[in-house]
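Here's the structure we're looking at; comments come further down.
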Amino acid sequence: MNRIDRLTAIILLLQRGKRTAGEIAQRFEVSRRTIQRDIDALCEMGIPIAADLGASGGYTLPPDYSLPPLALTLHEALLLRLALSSLSQLGELPFKQERESLLAKVQTLLPQREAENLDQLSQTLSFDIPPRPYPTPFLDQLLESAHTKQWVTVTYRSEQGISEQTLLPMHVRTEAGLWYCEAYSYERKATRVYRVDRFLEVRATPSPPPLEHPVPSIAHVHPSFPEVHIHLTARGVLRLDREPHLAKRLQHKEDGEASLIMHLQPEEYDWLVRLLLSLGTDAKVLAPEELRLHVQQAAQEIACHYSEL
Numbered sequence: 001m002n003r004i005d006r007l008t009a010i011i012l013l014l015q016r017g018k019r020t021a022g023e024i025a026q027r028f029e030v031s032r033r034t035i036q037r038d039i040d041a042l043c044e045m046g047i048p049i050a051a052d053l054g055a056s057g058g059y060t061l062p063p064d065y066s067l068p069p070l071a072l073t074l075h076e077a078l079l080l081r082l083a084l085s086s087l088s089q090l091g092e093l094p095f096k097q098e099r100e101s102l103l104a105k106v107q108t109l110l111p112q113r114e115a116e117n118l119d120q121l122s123q124t125l126s127f128d129i130p131p132r133p134y135p136t137p138f139l140d141q142l143l144e145s146a147h148t149k150q151w152v153t154v155t156y157r158s159e160q161g162i163s164e165q166t167l168l169p170m171h172v173r174t175e176a177g178l179w180y181c182e183a184y185s186y187e188r189k190a191t192r193v194y195r196v197d198r199f200l201e202v203r204a205t206p207s208p209p210p211l212e213h214p215v216p217s218i219a220h221v222h223p224s225f226p227e228v229h230i231h232l233t234a235r236g237v238l239r240l241d242r243e244p245h246l247a248k249r250l251q252h253k254e255d256g257e258a259s260l261i262m263h264l265q266p267e268e269y270d271w272l273v274r275l276l277l278s279l280g281t282d283a284k285v286l287a288p289e290e291l292r293l294h295v296q297q298a299a300q301e302i303a304c305h306y307s308e309l
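Numbering (my numbering), first residue to last: 1 to 309.
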């Protein structure tokens, strides 16, 4: 990192709170003397950095201080445009107006010649997200509920039918063009992952009675759930790439095969069984026995279905 970039980075770091010279030096892997010279240079440039002495001292910036608009390099602008443009491929998107405004600002931060280069370079690289024609009218509300820890009463449509649930949204994510909401279900006393486009109604509700057990923070990894152990052939590993949230949990072997080990609540075995059936003999459940029986039963039902004339 050159000195100009480091000076800018120091300002950005101090905007997040007080830092000592030692902390800043460790962050940028330079000496404390170098940081002290950098601070002096910033002060000479008119940056209002204050030095607090004593055991709890350090460098600070006024809370209302902000940097003037930063110039972007061509590649920085390209990365921003790619990220924002790829998001626009999603059928529904939170902060849509803000995304469009930011995209316009990226363009204005570049000189005219660089803006033309950006247009040309953008035509050589793109991120494709599968188009999904499913409306998600409650996306913003679920995102806000996850942020504020607001309980909601929902009407949800799943393969088992329509249900009423009381949920605490915890995390919203997108994957393969679909939006998902990880939420704790008060009725089921478990964390579930819900397809956002399958919510028929979402409304804020008062917090239910206190929970007997803490809400698990991350679905599929809570230690109270049974451990699932699946062996995959090399071909099975390649085929599982289409499921990125599972592929990242693979424990690879030198021969190309792998083990998939995770904690999963039994209520979610159904979708995993369907996935395993699609992998055929390239996947084999080693544990738990309950999941093995689910796969066997599903395979037998398919065999019986096709044996009928």
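Beta carbons: idealized from backbone N, C-alpha and C, even for Gly.
Of the residues the options, the one placed nearest residue i, counting alpha carbons only
{"i": "V311", "options": "Y156, A146, S163 and S158", "result": "Because the chain here runs from 1 to 309, residue 311 falls outside it and cannot be looked at."}
{"i": "V106", "options": "L90, D128 and A83", "result": "A83"}
{"i": "G236", "options": "S224, A41 and H252", "result": "H252"}
{"i": "L200", "options": "A50, F138 and H263", "result": "F138"}
{"i": "E267", "options": "D64, D128, V193 and Q123", "result": "V193"}
{"i": "A77", "options": "E116, T136, Q36 and G22", "result": "E116"}
{"i": "P169", "options": "E175, E144 and S88", "result": "E144"}
{"i": "S56", "options": "K18, S278, D40 and I35", "result": "K18"}
{"i": "Q120", "options": "T155, Y65 and H75", "result": "H75"}
Per-residue burial, residue i [other beta carbons within 10 Å of its own, 16 or more giving buried]
{"i": "D38", "result": "buried"}
{"i": "T148", "result": "exposed"}
{"i": "T191", "result": "buried"}
{"i": "R16", "result": "exposed"}
{"i": "P131", "result": "exposed"}
{"i": "I10", "result": "buried"}
{"i": "A183", "result": "buried"}
{"i": "L12", "result": "exposed"}
Secondary structure of residue i, DSSP reduced to three states
{"i": "V228", "result": "strand"}
{"i": "S122", "result": "helix"}
{"i": "E201", "result": "strand"}
{"i": "D52", "result": "strand"}
{"i": "Q150", "result": "coil"}
{"i": "T60", "result": "strand"}
{"i": "V30", "result": "coil"}
{"i": "K189", "result": "coil"}
{"i": "Y269", "result": "helix"}
{"i": "L7", "result": "helix"}
{"i": "P128", "result": "With the sequence shown as reference, residue 128 is identified as Asp, and Pro is not the correct amino acid for it. Here D128 sits in coil by DSSP."}
{"i": "N2", "result": "coil"}
Beta-bridge partners of residue i, as assigned by DSSP
{"i": "C181", "result": "V172 and Y194"}
{"i": "Q251", "result": "S259"}
{"i": "E164", "result": "T155"}
{"i": "V285", "result": "I230"}
{"i": "R242", "result": "For R242, which the question treats as bridged, DSSP gives no partner whatsoever."}
{"i": "R19", "result": "Y59"}
Rounded Cβ spacing between residue i and residue j (contact assumed at less than 8 Å)
{"i": "E257", "j": "L279", "result": "At roughly 13 Å, the Cβ-Cβ gap does not stay under 8 Å, so E257 and L279 are not in contact."}
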